[in-house]
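Counting from 1, position 8 in the sequence shown corresponds to residue 498 in my numbering; the numbering is continuous, with no gaps.
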Amino acid sequence: MNTKQESLKIANVEIDIVRKDIKNMHLAVYPPNGKIRLSVPSKTDEEVLRLFAISKLGWIKKHVKNFQAQPRESIRTYVSGESHYFQGKRYILNVIEHQGKSKVSIRGTKCLDLYVRRGSTREDKAKVLKEWYRRKLKKQLPDIISKWEKEIGVKASDWGVRQMKTKWGACNIEEKRIWLNLELSKKPTICLEYIVVHELVHLLERHHNDRFIQYMDTFMPKWRLYRNQLNSLPVVHNDWGY
Ligand SMILES: [Zn+2]
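Okay, here's the thing in structure tokens:
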């Protein structure tokens, strides 16, 4: 995602404005949580697009509501038998209380063993698992990033993993730094790659315009498929606005 984005707030609804070389204004709602984007001809006056958005408020609210009714991951309680996802696969959590250090390990193709101290709270267990996801993602990313840097012909000066509530990724174009959402550790690797490609392409093109899409089509022809895959998976319990 682009870091500097024009937006508009109407009746508590946040609308991203994308200026591009088009003739008519166009509204769209994006998954997974109904982020609204208004594409407008490059030189549209702010008052004009504000009036347009107001006239479409009924439509906007209806679509946002539809998105919010989509399946969502239930609140995790971190008890044995609960489903947890890692790299797109479902595992059954097995909580083991022991005296040693907390750790997580995958057993076979189905089990995610979570070792914690006796008396650990839900928050303690959540933290252990979250750090495990972070380590796994950080281990996975260098190869993926360098592969796509070569492919695209750019170089990120730095990258990081962050828990983000509203985006799968972010790019600071000036500093050439990309951020990946910790939640991507739970998703299929190809979806993670798609976000890496998206953020790296921002080093060639700041905006989500036709040129941006052309780059995506060139470097990752099936990117729409991966985007849909990512956005159709159960959404985490956080409120997303991607
Ligand atoms: Zn972007």
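Glycine included, each C-beta is placed from N, C-alpha and C at the ideal position.
This one's a predicted model, so the numbers in the text were calculated from it and none came from an experiment.
Near ligand 1: residue i beta-carbon under 7 Å from a heavy atom
{"i": "H574", "result": "no"}
{"i": "H553", "result": "no"}
{"i": "H688", "result": "yes"}
{"i": "H692", "result": "yes"}
{"i": "H516", "result": "no"}
{"i": "H698", "result": "yes"}
Where residue i sits in the DSSP three-state scheme
{"i": "D506", "result": "strand"}
{"i": "N728", "result": "Caution is warranted here: a pLDDT of 37 is assigned to N728, below 50, making its placement in the model unreliable, and no coordinate value can be reported."}
{"i": "P678", "result": "coil"}
{"i": "D535", "result": "coil"}
{"i": "T493", "result": "Note that T493 scores 42 on pLDDT, short of 50, meaning its location in the model is unreliable; the coordinates nonetheless yield the value given after this. In the structure shown, T493 sits in coil (DSSP, three-state: anything other than H, G, I, E or B)."}
{"i": "D511", "result": "coil"}
{"i": "H574", "result": "strand"}
{"i": "A543", "result": "helix"}
{"i": "K555", "result": "helix"}
{"i": "N718", "result": "helix"}
{"i": "G643", "result": "coil"}
{"i": "V569", "result": "coil"}
{"i": "E665", "result": "coil"}
{"i": "G659", "result": "strand"}
{"i": "H688", "result": "helix"}
{"i": "K712", "result": "coil"}
{"i": "L631", "result": "helix"}
{"i": "R701", "result": "helix"}
{"i": "G650", "result": "strand"}
{"i": "F693", "result": "The sequence as given places Leu at residue 693; Phe does not occur at that position. Residue state, collapsed to three classes: coil."}
Proximity to residue i [Cα-Cα], best of the options
{"i": "W549", "options": "G578, M706, V503 and D700", "result": "V503"}
{"i": "R597", "options": "R607, G590 and I586", "result": "I586"}
{"i": "L715", "options": "D700, F702, H697 and P678", "result": "P678"}
{"i": "C681", "options": "L583, W713 and N514", "result": "W713"}
{"i": "I635", "options": "F542, G650 and P711", "result": "G650"}
{"i": "Y568", "options": "F709, R608, E613 and K546", "result": "E613"}
{"i": "Y623", "options": "V644, Q577, K546 and I500", "result": "Q577"}
{"i": "T708", "options": "L674, H698, V691 and R696", "result": "V691"}
{"i": "L583", "options": "G609, R566, C601 and K591", "result": "C601"}
{"i": "M710", "options": "V687, K628, E695 and F702", "result": "V687"}
{"i": "H698", "options": "I500, A501 and R509", "result": "R509"}
{"i": "K466", "options": "W658, K666 and Y705", "result": "One cannot answer for residue 466 here, as it falls past the ends of the chain, which runs 491 to 732."}
{"i": "T611", "options": "T599, K626, S592 and Y684", "result": "S592"}
{"i": "A646", "options": "E664, K655 and T656", "result": "E664"}
Assumed close pair residue i, residue j - CB separation to whole angstroms, cut-off 8 Å
{"i": "Y581", "j": "H588", "result": "Actually they are not in contact, since the Cβ atoms of Y581 and H588 sit about 19 Å apart, beyond 8 Å."}
{"i": "L498", "j": "R540", "result": "6 Å"}
{"i": "D506", "j": "Q495", "result": "6 Å"}
{"i": "K546", "j": "L517", "result": "6 Å"}
{"i": "K615", "j": "L604", "result": "6 Å"}
Any C-beta of chain D under 8 Å from that of residue i
{"i": "K629", "result": "Absent from the structure: chain D. Only one protein chain is present."}
Secondary structure, beta strand (DSSP E): runs of 3+ residues fully inside the segment 587 to 627 | 593 to 597 and 601 to 607
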